[in-house]
Structures are given as C-alpha cells and as structure tokens.
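If you read the sequence shown in the working numbering, its first letter stands for residue 2, the second for the next number, and so on.
All C-beta atoms, glycine included, are put in the ideal place defined by N, C-alpha and C.
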Amino acid sequence: MANTIPDITLNDGNTIPQLGFGVFQIEPKETVEAVGRALELGYRHIDTAQMYGNEAEVGQAIRTSGLDRGEVFVTSKLNNGFHRPDDARRAFDSTLAALKMDYVDLFLIHWPLPTLYDGDFVSTWKTLEEFQRDGRAQSIGVSNFQVAHLERLAAEADLVPAVNQIEVHPYFGNEEVRAYGRTHNILTEAWSPIAQGKVLDDPTIVDVAQQLGRTPAQVTLRWHVQRGDIVFPKSVTPQRIEENLHIFDFTLDDAMMERITGLDRGEAGRQGPNPDEFDYVPR
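Dropping the structure here:
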C-alpha cells in the first residue's frame, strides 16, 4: 500500500524503518497505550532512552501487541550519568532488563558531554562496540554528536556509528553535521522534527500544506524523509499518531522542498541545547 514505511540500510548492513514512533516526554503511565496504538496502526520502530524513564512500558507494549520481537525495531540510549565503561555496561544490562529483551536493534550514546568525563566519550563508544560484537545491540550509534566529536571517533575507534540522532527541523537544518554523515555513511535521525510544534503555523509550511491538501505536520515530516533522514514524531493523540503515518503517498516538488529548506535560521533556530556545552546528568 502507498503508506508502507520504507526501510533504509545502515552502514553495518542492518535495516531501519525510516519512520518511527518517539516516546520522549511521554509519561510512563501513558506509554503502553501510546506505543500500543502506534504498533496497531503500523509503526514498527520505537525510539526510547534510559533518561526517558519509560523503557519498561515500551517493552510491555511490544509484548502485549502480539507482534514477534523481530518485527519491531527498538532503539534506546545511554543515560548521561553512565559514560564510564563499567557504568555503561551495567546501564546497558538494565535497559535489556527493563525492556525484557535479549537485544536492542540500536543503542546510542545520548549526548557526547565533552565538558564531562575528562572529555572522554571514546571509551564510552568502545564499550558500545562490545555490545554490538556480542549481539546484544544489533547496531550502535550516537546522538547529538557534532562534526568534531565524530572526527575523534573516526580517529580513535574501530566502528563508524550507524546513525547520529540530532536536532533537525526546518528552522534548524543542522546541515554541517548532516553533510558529514552523508560523506561518512552515517545516517541522520532527526529529533524535534517539527520544532516542538513551532513550524506548524509557519506561513510557508501552511501554504504548501494547503496546496497539497495535507496538514503542516505531514508536510514537514515529508520534507525530512525526502531529504533521506529518519524521523520519529511523538504524540499521544490517536489522530495525530495515525496522521503522521500518512506521509508516503504524496511528494513535495523541488520548489516546495527549497522553500521549506530556506526557512533555516542556522544556530538561531536551534530549540534544544548545544551539544558542545550540554552537561546535564540526572541526579
């Protein structure tokens, strides 16, 4: 059918659905229902993290869906407090225990935290390489890594990250990091794809949506996928969860793509923290 979600091949040969369902800021008590609804509608890629506090509920939703474990692509991410190798090993064990799974499809370093841990995220990355070698993480990647951080991994580590999950939306294209990823076969995953809703009343996006008979969210998500990025919008509203699936049965023409790309405000458009400075560790 027209809305079948395409798979993209990662640099390690594994595949990932290009559209997923994100659970950032979904309360644990709401997560089972939201993920269950997403799976029912046809999502097969769920993006969680240790710091989201809802891994257990994601696992529960997948188990109660009746789907085979192998049918659902599950991502989680390392808590900022556990970058030291032994801490990372214990934290990864706790992720698998919370999910009640033998493996995750993708495990990421959530933030590089270059001002913490003596600036050492390389030993953390090498610990993730262990998880992939032993099969408990099918693929490994990073999140919020800047070009300098990626270059350091390239110089000092064995494996190239499969993905880099970064803030990307029409107001912040993050083009330098995306370009590095394209050159080095690191797929970009776009978080905050609609800028926390801020782009939805942008006149350009509203105009394109009206031309196509689509919603501004659908147009924005379509822009992401036509750029080749992976995206996982978050919603607890059943109608929006379904609406976000319907982005593979229409296309934006070149002029529409250029208009939306032209909304980029550079660093001024960033909504979240700057990864070069971010040093949050949960207490």
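Per DSSP, what are the beta-bridge partners of residue i in this structure?
| i | result |
| --- | --- |
| Phe173 | His170 |
| Glu190 | Gln166 and Ile231 |
| His247 | Its beta-bridge partners do not exist; DSSP assigns none. |
| Pro18 | Asp8 |
| Ile47 | Phe22 and Val75 |
| Ala110 | The amino acid at residue 110 is misidentified as Ala; the sequence shows Ile. In DSSP, Ile110 forms a bridge with Leu79 and Val143. |
| Asp105 | Correcting the residue type first, residue 105 is Val in the shown sequence and not Asp. According to DSSP, Val105 bridges with Ala138. |
Spatial neighbours of residue i within its chain, please: CB distance less than 7 Å, with the 5 preceding and 5 following residues excluded, ordered by chain position.
| i | result |
| --- | --- |
| Thr216 | Ala210 and Glu244 |
| Gln61 | Val33 |
| Leu264 | Pro171, Tyr172, Asp203 and Thr205 |
| Leu68 | Leu40 |
| Ala89 | Leu79, Phe83, Thr125 and Thr128 |
| Leu213 | Val220 and Phe251 |
| Pro292 | Nothing can be reported for residue 292, as the shown portion of the chain is limited to 2 through 284. |
| Ile92 | The displayed chain sequence assigns Ala, not Ile, to residue 92. Gln51, Leu79, Asn80 and Phe83. |
| Gln197 | Gln272 |
| Asp319 | Past the boundaries of the shown model lies residue 319; the chain is included only from 2 to 284, so the question cannot be answered. |
Whose CA, out of the options, lies closest to the CA of residue i?
| i | options | result |
| --- | --- | --- |
| His185 | Asp203, Pro162, Tyr172 and Arg134 | Pro162 |
| Lys127 | Leu109, Thr116 and Pro276 | Leu109 |
| Arg85 | Leu114, Leu107, Ala99 and Gly71 | Leu114 |
| Ala180 | Asp8, Ser95, Pro29 and Arg228 | Arg228 |
| Val24 | Met102, Ile6 and Glu58 | Glu58 |
| Asn275 | Phe249, Val148 and Val123 | Val148 |
| Gln240 | Gly273, Ala35, Ala155 and Glu131 | Ala35 |
| Arg260 | Arg91, Arg284 and Val207 | Val207 |
| Met258 | Arg223, Asp277, Thr238 and Phe279 | Arg223 |
| Leu154 | Phe132, Arg284, Glu177 and Gly120 | Gly120 |
| Glu177 | Asp13, His150 and Ala256 | His150 |
| Asn175 | Lys199, Asp230 and Leu160 | Asp230 |
| Asp280 | Tyr118, Leu42 and Asp94 | Tyr118 |
| His247 | Leu42, Asn15 and Glu31 | Leu42 |
| Asp135 | Asp255, Ala156 and Asp94 | Asp94 |
Apart from the five residues just before and just after residue i, which ones in its own chain have a Cβ nearer than 6 Å to its Cβ?
| i | result |
| --- | --- |
| Asp225 | What sits at residue 225 in the sequence shown is His, not Asp. For His225, where only same-chain residues beyond five positions count, the Cβ hits under 6 Å are Ala191, Pro194 and Val232. |
| Ile63 | Val73 |
| Arg137 | Tyr104 |
| Tyr44 | Phe22 |
| Lys101 | Gly60 |
| Val282 | Asn81 and Gly82 |
| Phe146 | Pro113 and Asn165 |
| Asp48 | Gly21, Gly23, Thr76 and Phe233 |
| Arg38 | Pro239 and Ile242 |
| Gln133 | Ile141 |
| Leu160 | Glu130 |
Apart from the five residues on each side of it in sequence, which residues of its chain come closer than 8 Å, Cβ to Cβ, to residue i?
| i | result |
| --- | --- |
| Arg266 | Tyr172 and Phe173 |
| Leu11 | Ile17, Ser140, Ala163, Val164 and Leu188 |
| Met2 | With a pLDDT of 38 at Met2, under the threshold of 50, the modelled position of this residue cannot be trusted; read the value that follows with caution. Counting only Cβ-Cβ distances below 8 Å, and skipping sequence neighbours, we find nothing. |
| Ser236 | Ala35, Ile242 and Asn245 |
| Ala218 | Ile195, Leu201, Pro234, Arg241, Glu244 and Asn245 |
| Gln26 | Tyr53 and Lys235 |
| Glu278 | Thr116 |
Compare the C-beta of residue i with all C-beta atoms of chain D and state if any pair is closer than 8 Å.
| i | result |
| --- | --- |
| Arg64 | Note that chain D does not occur in the displayed structure, where there is just one protein chain. |
Assuming residue i contacts residue j under a Cβ cut-off of 8 Å, what Cβ separation, rounded to an integer in Å, is found between them?
| i | j | result |
| --- | --- | --- |
| Glu130 | Arg271 | No, Glu130 and Arg271 are not in contact; Cβ-Cβ is about 30 Å, not under 8 Å. |
| Leu20 | Ile6 | 5 Å |
| Gln51 | Thr96 | 6 Å |
| Ala158 | Val123 | 6 Å |
| Gly71 | Leu107 | 14 Å between Cβ atoms; not a contact. |
| His111 | Ser144 | 5 Å |
Original post:
Unbroken beta strand (DSSP E) runs of length 3 or more, entirely within the segment 126-164: which are they?
Top reply: 138-144
Original post:
What alpha helix (DSSP H) runs, 4 residues minimum, are completely inside the segment 54-95?
Top reply: 56-66
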